[in-house]
Amino acid sequence: GMAANKAAKEQKYDRQLRLWGDHGQEALENAHVCLVNATATGTEILKNLVLPGIGAFTIVDGHKVSGEDVGNNFFLSTNSIGKAPDKLLDNDPEFFHRFSLVIGVQLPESTCLRLGAVLWNAEVPFLVCRTYGLVGCMRLVVREHTVVESHPDNALEDLRLDQPFTELKNHIDSYDLDSMEKKDHSHTPWIIIVAKFLEKWYSEHNFQMPKNYKEKEAFRELLRQGILKNENGAPEDEENFDEAIKNVNTALNATKISSTVEDIFSCDLCDNITAQTPAFWVMARAVRDFVRDDGNGILPVRGTIPDMIADSEKFIKLQNVYREKALQDASVVSKHVESLLQSVGKVCPPGYLLIMKFFKCVFIISGKNAAFLRVVRCRSLEEEYSIESVNKDEITSCMDNPDSEMVLYLMLRSIDRFYQQHSHYPGVYDYQVEEDISRLKVCVNSLLQEYGLSVSVKDDYIHEFCRCGSAEPHTVAAFLGGCAAQEAIKIITQQFVPFNNTFIYNAMTQTSATFQL
Amino acid sequence: FALCLFREKKRRKIEALSEKMAVDEGHVACGGDWDGRWNHLKKFLERSGPFTLPDFEPGTETLQFLLETCKILVIGAGGLGCELLKNLALSGFRNIHVVDMDTIDISNLNRQFLFRSKDVGRPKAEVAAEFVNSRVPGCNVTPYPYFRVELRLTLTFEYFIARRWMNGMLISLLNYENGVVDQSTIIPLIDGGTEGFKGNARVILPGMTACIDCTLELYPPQINFPMCTIASMPRLPEHCIEFARILQWPKEEPFGDGVSLDGDNPEHIQWVFMKAQERASEFNITGVTYRLTQGVVKRVIPAVASTNAVIAAACATEAFKIATSAYVTLNNYLVFSDVDGLYTYTFEAERKENCSACSQVPQDLQFSSSAKLQDVLQYLTESTSLQMKSPAITTTLQGKNKTLYLQVINIKRSLVFSFSLSPSVLVSLTGAELGLADGQELAVADVTTPQTVLFKLNFTS
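First to last, the sequence lines map onto chains A and B. Under the UniProt record's numbering, think of the first position of the first sequence as 1, with each following residue one higher. Under the UniProt record's numbering, think of the first position of the second sequence as 1, with each following residue one higher.
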């Protein structure tokens with residue numbers, strides 16, 4: 001029955017649950033995605049969302065299947081809503097409001113901009129994808145996407161050696177390295193060792209941390225001297241001291257708040273909490289209040305330590321010192337959440353589980369993730385396309401390298417222009433290729449002129465974009481399908497960080513770039 | 001009124017397209033092809049372009065080559081394999097061979113889309129071939145749910161070893177004339193790998209560009225926890241799980257004599273889980289879960305459909321380029337990650353001058369004259385540039401071929417050693433005691449390479 005189903009699902013999704021957890025999976029299964037145009041690219045994106053368990057999808061596509069569609073599309077017996085997106089935009093634009101995310105594939109520019117405007121106003125995230133010959137392009141359009149669980153790759157530890165909290169200080173004081181037996185000495189966690197020698201260093205250096213390479217090297221030497229010696233005066237094998245020495249570089253960094261997080265704290269949404277403020281901002285503000293009132297300008301303690309050479313008891317005791325402090329800090333933050341909500345007339349029961357329930361969200365902001373909060377804001381398509389706000393600097397500086405992926409972006413904008421003028425894409429038929437090259441060049445030049453871009457587009461690219469005749473080769477569609485699906489999953493699960501905001505893939509060179517346009 | 005006109009134009013244009021399609025297409029090609037089937041590909045094969053290779057000639061021959069002649073071998077019908085088969089089939093490749101000795105598991109179904117729950121337990125290669133052959137008319141995927149191995153020993157074919165083995169096999173097929181490789185004997189190898197949200201794709205032209213072993217240091221071996229930590233000083237839940245797996249299971253044999261731990265048997269995992277929990281509570285360690293236990297025991301690598309789709313697509317694009325010369329091939333390594341935005345990095349991995357697989361020169365080994373055979377074995381297995389699994393060493397002494405070392409797994413009959421000494425005694429002997437001289441050549445066989453690797457012993461004093 002239900003239990004068996006749940007077990008089977010856990011098995012089936014095991015490999016991905018290890019990446020985004022049960023709560024991420026839940027978000028995925030509650031999502032409803034809209035795909036506009038079930039081309040090869042579209043169905044590839046959809047496949048990569050259906051496989052991990054997306055809750056529901058709707059396809060909007062007014063085209064009839066042709067022979068060439070069955071040639072590049074693995075899934076071509078789908079039922080789609082047989083209405084063109086333009087028709088829906090004419091008659092029922094609010095149709096699109098119900099979706100967690102709309103993915104538009106192979107859209108002509110006019111449809112794209114119309115749909116973009118509707119979704120921007122409705123605050124529905126919009127992912128635009130296109131495969132054009134050996135080029136893939138994605139554009140993410142979302143006003144503001146907040147990420148609590150960004151899962152950074154190489155995060156530094158939060159050890160507080162530069163400003164140990166009271167409980168940590170007491171725990172460090174409970175050690176007396178000089179009076180320890182060898183067994184204990186060799187199995188003392190390196191964090192304790194560094195802390196102890198730091199105290200020694202402070203007393204000789206006016207309470208200043210080792211700052212530059214020279215001082216850190218001197219500190220390492222101090223640690224080396226601390227290694228026990230055998231009866232012949234030779235240093236014993238103490239791996240924990242080796243670890244301490246190796247970690248000096250990172251362990252002695254000053255604990256401080258990153259500029260990314262400071263920027264989040266100084267946002268307007270953080271300043272002005274109202275009854276409508278989303279969960280992310282209420283919780284961010286609560287952490288900010290903690291930083292100011294309780295944390296001495298520092299975030300709540302993260303509470304984890306890396307594994308290190310130590311006996312079980314010493315390690316677990318030290319780990320618990322950090323863990324308990326993290327729990328304490330979390331409870332203070334949660335009190336700030338409650339009082340913030342109270343101040344806008346809301347009653348929230350105490351404790352984190354209930355706070356999550358109250359906000360109907362699957363995350364809480366605590367010491368565990370506060371240092372890694374991210375906010376992604378993408379400009380609207382209108383801003384990108386408007387002459388007043390086009391990102392000229394980005395375009396011209398990238399085009400210093402005439403083979404930069406930026407040239408592919410300019411070509412895609414140009415073939416859109418071509419389509420507007422000639423009602424077909426360049427070079428679709430063999431007989432068109434030759435004459436379309438010069439017509440496309442005219443479009444390129446008019447585009448550059450209109451936006452005041454003094455850049456030069458090599459003829460080779462104009463030729464290539466005619467040669468490919470707006471083909472949608474399967475392998476390029478598949479590449480983009482993988483990329484787009486994962487970005488969609490990021491938006492839906494609010495885990496990992498989406499790109500901002502234009503991604504170009506060049507299958508000819510197997511290179512890519514992301515531009516903020 | 002203007003709107004109607006636009007729609008009218010559009011409808012006519014779509015109809016016109018279908019008509020023109022037939023005219024452009026010419027006559028229908030072989031194999032049950034329909035009008036327009038290969039239109040997307042033909043743009044790249046029948047037209048000249050500014051980025052093609054010098055030897056590219058636009059025309060119908062290249063498509064015919066893809067459809068009728070080009071033979072391609074796909075190793076693995078799993079996460080990457082399923083995607084690859086689809087990609088190749090829709091790119092015109094028809095003569096496809098796929099090898100996979102594995103059977104379908106329920107945990108595959110979140111990404112290996114050629115399989116359904118009814119297929120669980122069946123060989124991957126067979127089911128994959130069936131699906132593609134029926135979905136893509138004219139495609140002929142031949143499955144090999146087995147792989148004939150020259151060695152007589154039973155081995156578990158870990159995926160990475162398979163890669164190195166294939167790498168060595170292709171290198172062994174090369175012909176050299178006057179030290180220069182005969183290009184007609186080169187079989188290109190496209191290799192892809194993924195892990196979570198990261199992946200890589202590379203193109204190897206054996207004998208010409210960096211091979212798998214040239215960059216072996218990019219793939220350091222998995223680190224196992226030190227035994228003393230597991231045995232007496234656990235700190236992490238993983239240590240407790242390894243304790244149950246490595247020490248308690250062999251001792252207690254909970255499911256019968258000689259029954260080894262099967263990571264796919266939930267009852268086995270449950271046993272390890274409970275034992276690990278007991279151990280953890282003894283040391284006040286938290287965090288042992290069933291999922292973690294399974295992950296540690298099976299060495300699970302997290303996986304999703306999207307990363308596999310990206311890497312397999314890149315690989316298939318390269319296959320298309322190599323087969324058609326329509327564009328310059330990747331030269332030669334692509335790295336991908338979409339944890340934070342999307343990131344790719346493309347670089348040229350360099351050949352290693354003394355690569356044990358492709359450099360054709362005997363590898364120099366330096367050891368002190370007091371070193372034991374044990375030390376040689378340790379070097380062969382632990383060196384990041386060799387990473388052998390269980391090397392078998394032979395050498396020529398007094399004109400006769402002698403086996404210095406051979407690790408026996410799962411073989412009931414006894415082997416006669418050339419020295420009439422047990423392996424455990426042999427490995428404690430020094431070079432001199434074994435009769436080895438400075439400059440002695442050792443031939444080493446291992447599962448990581450289909451050819452023996454030649455080493456030259458240099459004794460330093």
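Backbone N, C-alpha and C define an ideal beta-carbon position, used for all residues, glycine too.
At the 9 angstroms Cβ level, is residue i part of the contact set with chain A, yes or no?
i: I301/B; result: yes
i: T394/B; result: no
i: S107/B; result: yes
i: R116/B; result: no
i: V339/B; result: yes
Assuming residue i contacts residue j under a Cβ cut-off of 8 angstroms, what Cβ separation, rounded to an integer in Å, is found between them?
i: L45/B; j: A323/B; result: With 8 angstroms as the limit, L45/B and A323/B do not qualify as a contact, their Cβ atoms being about 10 angstroms apart.
i: R94/B; j: N140/B; result: 5 angstroms
i: M138/A; j: A484/A; result: 6 angstroms
i: N247/A; j: W190/A; result: 6 angstroms
i: G367/A; j: P300/A; result: 4 angstroms
i: R374/A; j: V497/A; result: 5 angstroms
Between the alpha carbons of residue i and residue j, how many angstroms are there, rounded?
i: F113/B; j: F479/A; result: 16 angstroms
i: A309/B; j: E83/B; result: 6 angstroms
i: Y382/B; j: E217/B; result: Per the sequence shown, residue 382/B should be read as Glu rather than Tyr. Their Cα atoms are separated by approximately 12 angstroms.
i: G133/A; j: D400/A; result: 24 angstroms
i: F280/A; j: C270/A; result: 9 angstroms
i: Q319/A; j: D22/A; result: 26 angstroms
i: P188/B; j: A155/A; result: 39 angstroms
i: E167/A; j: K317/A; result: 12 angstroms
i: P402/A; j: E350/B; result: 27 angstroms
i: E126/B; j: I72/B; result: 17 angstroms
i: S368/B; j: L380/B; result: 16 angstroms
i: R379/A; j: P125/A; result: 12 angstroms
i: T395/B; j: A231/B; result: 39 angstroms
i: S386/A; j: H422/A; result: 22 angstroms
i: Q16/A; j: S306/B; result: 11 angstroms
i: G76/B; j: W38/B; result: 27 angstroms
i: V297/B; j: E267/B; result: 13 angstroms
i: Q208/A; j: N369/A; result: 29 angstroms
i: Q328/A; j: I365/A; result: 14 angstroms
i: T274/A; j: D158/A; result: 32 angstroms
Does the beta-carbon distance from residue i to residue j come in below 9 angstroms?
i: N110/B; j: A303/B; result: yes
i: I492/A; j: I54/A; result: yes
i: S357/B; j: D213/B; result: Checking the displayed sequence, the identity of residue 357/B turns out to be Ala instead of Ser. Yes, Cβ-Cβ distance for A357/B and D213/B is below 9 angstroms.
i: K12/A; j: I106/B; result: yes
i: A507/A; j: A312/B; result: no
i: V339/B; j: H63/A; result: no
i: A210/B; j: Y345/B; result: no
i: N253/A; j: D153/A; result: no
i: L222/A; j: H185/A; result: no
i: S116/A; j: V147/A; result: The residue you asked about is not Ser; residue 116/A is Gly in the sequence shown. Cβ distance not < 9 angstroms, so G116/A and V147/A don't count as in contact.
i: F57/A; j: L28/A; result: no
i: I59/A; j: A38/A; result: yes
Using a Cβ-Cβ distance under 9 angstroms, would residue i count as near chain B?
i: T111/A; result: no
i: Q510/A; result: yes
i: W445/A; result: Strictly speaking, residue 445/A in this sequence is Asn, with Trp absent from that position. It does not; no Cβ of chain B falls within 9 angstroms.
i: R413/A; result: no
i: P498/A; result: yes
i: A244/A; result: no
Could you check if residue i belongs to the surroundings of the ligand FAD, using beta carbon to heavy atom distance under 8 angstroms?
i: S334/A; result: No copy of the ligand FAD appears in this structure; indeed no ligand is present at all.
Checklist entry - Taking the runs of the beta strand (DSSP E) that are 3 residues or longer, which of them lie wholly in the segment 98 to 150 of chain B? => result 140 to 144
Checklist entry - Any residues in the segment 224 to 237 of chain B with a beta carbon nearer than 7 angstroms to a beta carbon of chain E? Which ones, in chain order? => result As a matter of chain content, chain E is missing from the structure shown, whose protein chains are A and B.
Next on the checklist: Going residue by residue through the segment 429 to 461 of chain A, where are the continuous beta strand (DSSP E) segments of at least 3 residues, counting only ones entirely within it?
Outcome noted: none
Checklist entry - Can you list the beta strand (DSSP E) stretches of 3 or more residues lying completely in the segment 276 to 350 of chain B, in chain order? => result 333 to 337, 343 to 347
Item to check | Those runs of the alpha helix (DSSP H) which lie wholly inside the segment 191 to 235 of chain B and span at least 4 residues | outcome: 227 to 232
Checklist entry - Taking only runs of the alpha helix (DSSP H) that begin and end inside the segment 171 to 241 of chain A, which ones reach a length of at least 4 residues, in chain order? => result 182 to 186, 190 to 204, 213 to 225
Checklist entry - Which runs of the alpha helix (DSSP H) spanning at least 4 residues fall entirely within the segment 7 to 40 of chain A, listed in chain order? => result 14 to 29
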